[in-house]
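49 is the number that UniProt numbering gives to position 49 of the sequence shown; each next residue is one higher, with no gaps. The beta-carbon is built from N, C-alpha and C at its ideal position, and this holds for glycine as well. Note that the coordinates shown come from a computational prediction; the quantities given were computed from them, not determined experimentally.
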Amino acid sequence: MTVSNTAIMVQQPSSAQTPTRRRCRREGAKWTRSGCLTCKRRRKRCDEAKPCCHSCARLGLKCEGYGSMWAEPLDPSANVFNQFRAPKRRRVSTASSSTSFSRGPEEELWLYPSSPVSSSLSTAPTTPADSDNNSLYSWNNEDNEYGDMQVTIPNIDACDTLTVAPPIPSRYFSHLSHHDTHYLQYHTELGSKLLANLESIDNPLRSFLIPRALSSPLLMKALCAVSATHFANRSRDKQEAQTAATDYYVRTLSGLQLTIAKYSPRSLPDEAILAVAMLCKYEIVRGSVQQWTVHLNALQELIMARGGVDALNDDMREFLSGFYVYAYNMARINNRKHINYDLNIGNVKISKLDIYIGYAEDLIKICARIADLPTLSEDPVALDLEVHSIDTSLRDWAPTNTTYIIPRGITESNLVRLRMVANCFRDAAYLYLHSTLERLNQGMASPPSLPLATPLPLALQASSKLVPAPSPSISLPRSTALHQLLSRIRAFPFDEHCEYSALTFPLFIAGCESRDPADQELIIQSLSKLEANFGIGNVRRAKEMLSILWAGEGDVHWLDMLERLQWDLILA
Numbered sequence: 001m002t003v004s005n006t007a008i009m010v011q012q013p014s015s016a017q018t019p020t021r022r023r024c025r026r027e028g029a030k031w032t033r034s035g036c037l038t039c040k041r042r043r044k045r046c047d048e049a050k051p052c053c054h055s056c057a058r059l060g061l062k063c064e065g066y067g068s069m070w071a072e073p074l075d076p077s078a079n080v081f082n083q084f085r086a087p088k089r090r091r092v093s094t095a096s097s098s099t100s101f102s103r104g105p106e107e108e109l110w111l112y113p114s115s116p117v118s119s120s121l122s123t124a125p126t127t128p129a130d131s132d133n134n135s136l137y138s139w140n141n142e143d144n145e146y147g148d149m150q151v152t153i154p155n156i157d158a159c160d161t162l163t164v165a166p167p168i169p170s171r172y173f174s175h176l177s178h179h180d181t182h183y184l185q186y187h188t189e190l191g192s193k194l195l196a197n198l199e200s201i202d203n204p205l206r207s208f209l210i211p212r213a214l215s216s217p218l219l220m221k222a223l224c225a226v227s228a229t230h231f232a233n234r235s236r237d238k239q240e241a242q243t244a245a246t247d248y249y250v251r252t253l254s255g256l257q258l259t260i261a262k263y264s265p266r267s268l269p270d271e272a273i274l275a276v277a278m279l280c281k282y283e284i285v286r287g288s289v290q291q292w293t294v295h296l297n298a299l300q301e302l303i304m305a306r307g308g309v310d311a312l313n314d315d316m317r318e319f320l321s322g323f324y325v326y327a328y329n330m331a332r333i334n335n336r337k338h339i340n341y342d343l344n345i346g347n348v349k350i351s352k353l354d355i356y357i358g359y360a361e362d363l364i365k366i367c368a369r370i371a372d373l374p375t376l377s378e379d380p381v382a383l384d385l386e387v388h389s390i391d392t393s394l395r396d397w398a399p400t401n402t403t404y405i406i407p408r409g410i411t412e413s414n415l416v417r418l419r420m421v422a423n424c425f426r427d428a429a430y431l432y433l434h435s436t437l438e439r440l441n442q443g444m445a446s447p448p449s450l451p452l453a454t455p456l457p458l459a460l461q462a463s464s465k466l467v468p469a470p471s472p473s474i475s476l477p478r479s480t481a482l483h484q485l486l487s488r489i490r491a492f493p494f495d496e497h498c499e500y501s502a503l504t505f506p507l508f509i510a511g512c513e514s515r516d517p518a519d520q521e522l523i524i525q526s527l528s529k530l531e532a533n534f535g536i537g538n539v540r541r542a543k544e545m546l547s548i549l550w551a552g553e554g555d556v557h558w559l560d561m562l563e564r565l566q567w568d569l570i571l572a
């Protein structure tokens, strides 16, 4: 029985009895955290009997127990989010024929969404994938030093503005719709913990982002887009959340268009830059293989338009540096053709243990250097020197080499898991180095066609140049690196500690280099645990890519396979 049905029953008493305030107060009983999930949803008092509460047993309802309400993600219309009540303001209407409560504005705000999701998006993809990727952001750099920036968004019929509820001075969130409130609360209580690789009291996805989103409709839409798509990944009935995510995504792009047109590049609000960062994160969570590099490049250009990283205030620089270093360097591994290289923040050092890169900062940057090795293929001496430098950096690396400021609430157990993840990154970097050099040698061994009349001495001379030079000596053999990585995976239980969510890249590289069916099964099982525990869509894409690779002949390099699929796979 729903709350609304119960309200109607209270309004329709028998002729011999009139409703009393006592019954109204019982109907509006305060929602508590200690009752069973069924009573919470019904907004009823719970006697908390175990294993099944008496209220559920009396009504023949299924008692869902006393676990966390986030054990199974709830539908946005679930009444558990309607936590605020004002019993003293509630009254039974005395109108002649009314059959409903007269509610105060606070109750209307929490009980009903003031900005329903447009039904026209019910069959829309989570992002407009059919549009030209480059049309999402188009920059015109002719009129001034930094350029007048214009954003072209796909032509999708959707809500263009955020419906604002009537202001209520006593409420902090009076301007938010029911859906906004739902996805904001989901982000606060669960999403922010699962979308970072390190959970702390000062998690910036809450402490930094939420206060700014509450004062910026644009950033709130972007944040809700991320929250909704993450909710959809973890929900059994995901259609409504996916539709909401698309709605928030499109409205964020519309808001960015208006904001960029309104402000000069130098005065562009921080919230616009943060909104683009959230759209990039949205694509990672969704599991995009097409759009996310567009947002990453747009984030780069917006930062450049503001004057670079150093022009940002301290909080913005700290929040964006870790995210950008992580996403940008991971993108360079397998998306080199679609990444801009104009904004170089490789020299930016992270002073505080970052929620994305933890102890792996130097290793992530080393992987980006490995990705650049093909540019040295025509200079064997330079290639050999760079490989030797990379190998030395990997051999000498240790988690304790860099001292970081430890955020509040971080325990030694957190640090142990972070060090384990960083060591997996080191093993994966060695595997990536071996794989890159192998691919380079294969490319160098492909002879070009020579004219038939070429003299034999010249032909032999040309052939001798095609014989690849021996690979530079690498201190850790490929088989040892793979064995070490998989041994670490076996030694640590893959539970819901968010530090493990950063293992997508090491597991993917291990899968690309593994030929043993038992090892492949371990890798897929581990990726499946990451997908189930953290709900990030790029893990699903990594699994799909490995399945395609393993089903092939075995002679296609994984980077070549990505090019055939035209996938911009993100491993962050």
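In this structure, residue 368 lies near residue 332, with their beta-carbon atoms less than 7 Å apart. Straight across, the Cα-Cα distance linking residue 552 with residue 198 is about 37 Å. Non-local C-beta neighbours of residue 545 in its own chain, meaning closer than 8 Å and more than five positions away in sequence, comprise 508, 558, 561, 562, 565, 567, 569, ordered along the chain. The shortest C-alpha to C-alpha distance from residue 378 to any of 218, 441, 64 is the one to 441.
Exclusion of the five residues before and after residue 366 leaves 390, 393, 394, 429 as the residues of its chain whose Cβ lies within less than 7 Å of its Cβ. If you look at residue 324, you'll find it in the alpha helix (DSSP H) that goes 314 to 334. Secondary structure note for residue 519: its alpha helix (DSSP H) is the uninterrupted segment 517 to 534. The residue from 178, 352, 224 with its alpha-carbon nearest to that of residue 192 is 224. Contact fails between the stretch 206 to 214 and the stretch 413 to 421, because fewer than three Cβ pairs, one in each stretch, are under 8 Å apart.
Straight-line measurement puts the Cα of residue 473 at about 48 Å from the Cα of residue 228.
The alpha-carbon of residue 311 is positioned some 21 Å away from that of residue 261. By the criterion of a C-beta distance shorter than 7 Å, residue 478 is surrounded in its chain by 431, 434, 513, once the five residues flanking it on both sides are discounted. For residue 36, no alpha helix (DSSP H) encloses it, and the DSSP letter there is neither H nor E. By the Cβ test, the stretch 514 to 532 is not in contact with the stretch 253 to 270, since fewer than three Cβ pairs between them sit closer than 8 Å. Looking at the DSSP output, residue 273 sits in no beta bridge, so it has no partner there. Taking 7 Å as the cut-off, the beta carbon of residue 322 is found closer than this to the beta carbon of residue 356. Residue 524 and residue 325 have their alpha carbons spaced roughly 27 Å apart. In the three-state reduction of the DSSP assignment, residue 238 falls in the coil class. In this structure, the alpha-carbon of residue 253 lies about 21 Å from that of residue 537. Going by beta carbons, residue 194 and residue 492 fall outside the 7 Å limit.
For residue 352, the three-state secondary structure derived from DSSP is strand.
Checking the DSSP bridge columns, you'll see residue 405 partnered with 352.
Between residue 482 and residue 503 the beta-carbon gap is near 15 Å, outside 8 Å, which marks them as no contact. In this structure residue 289 is buried. Its beta-carbon is surrounded by 16 or more other beta-carbon atoms within 10 angstroms.
One alpha carbon belongs to residue 196, the other to residue 58, and they sit about 43 Å apart. According to the DSSP assignment, residue 568 belongs to no alpha helix (DSSP H), since it is labelled neither H nor E.
Counting along the chain, residue 305 sits inside the alpha helix (DSSP H) bounded by residues 292 to 305.
The residues 208, in chain order, have a CB closer than 7 Å to that of residue 315 in the same chain once the five nearest residues on each side in sequence are set aside. For residue 385, the enclosing alpha helix (DSSP H) starts and ends at 380 to 396.
Rounded to the nearest whole angstrom, the CA to CA distance from residue 425 to residue 243 is 36 Å. Within the same chain, Cβ atoms closer than 7 Å to the Cβ of residue 405 are found at 351, 352, 353, the five residues on either side in sequence being excluded.
Of the candidates 497, 496, 539, the residue whose Cα lies closest to the Cα of residue 506 is 539. The beta-carbon distance between residue 299 and residue 272, rounded to whole angstroms, is 10 Å. This is too long to meet the 8 Å contact definition. Going by DSSP, residue 187 is part of no alpha helix (DSSP H) at all; its letter is neither H nor E. With distances taken between CA atoms, residue 549 lies nearest to 510 out of 510, 572, 232. When secondary structure is reduced to three states using DSSP, residue 369 falls in the helix class.
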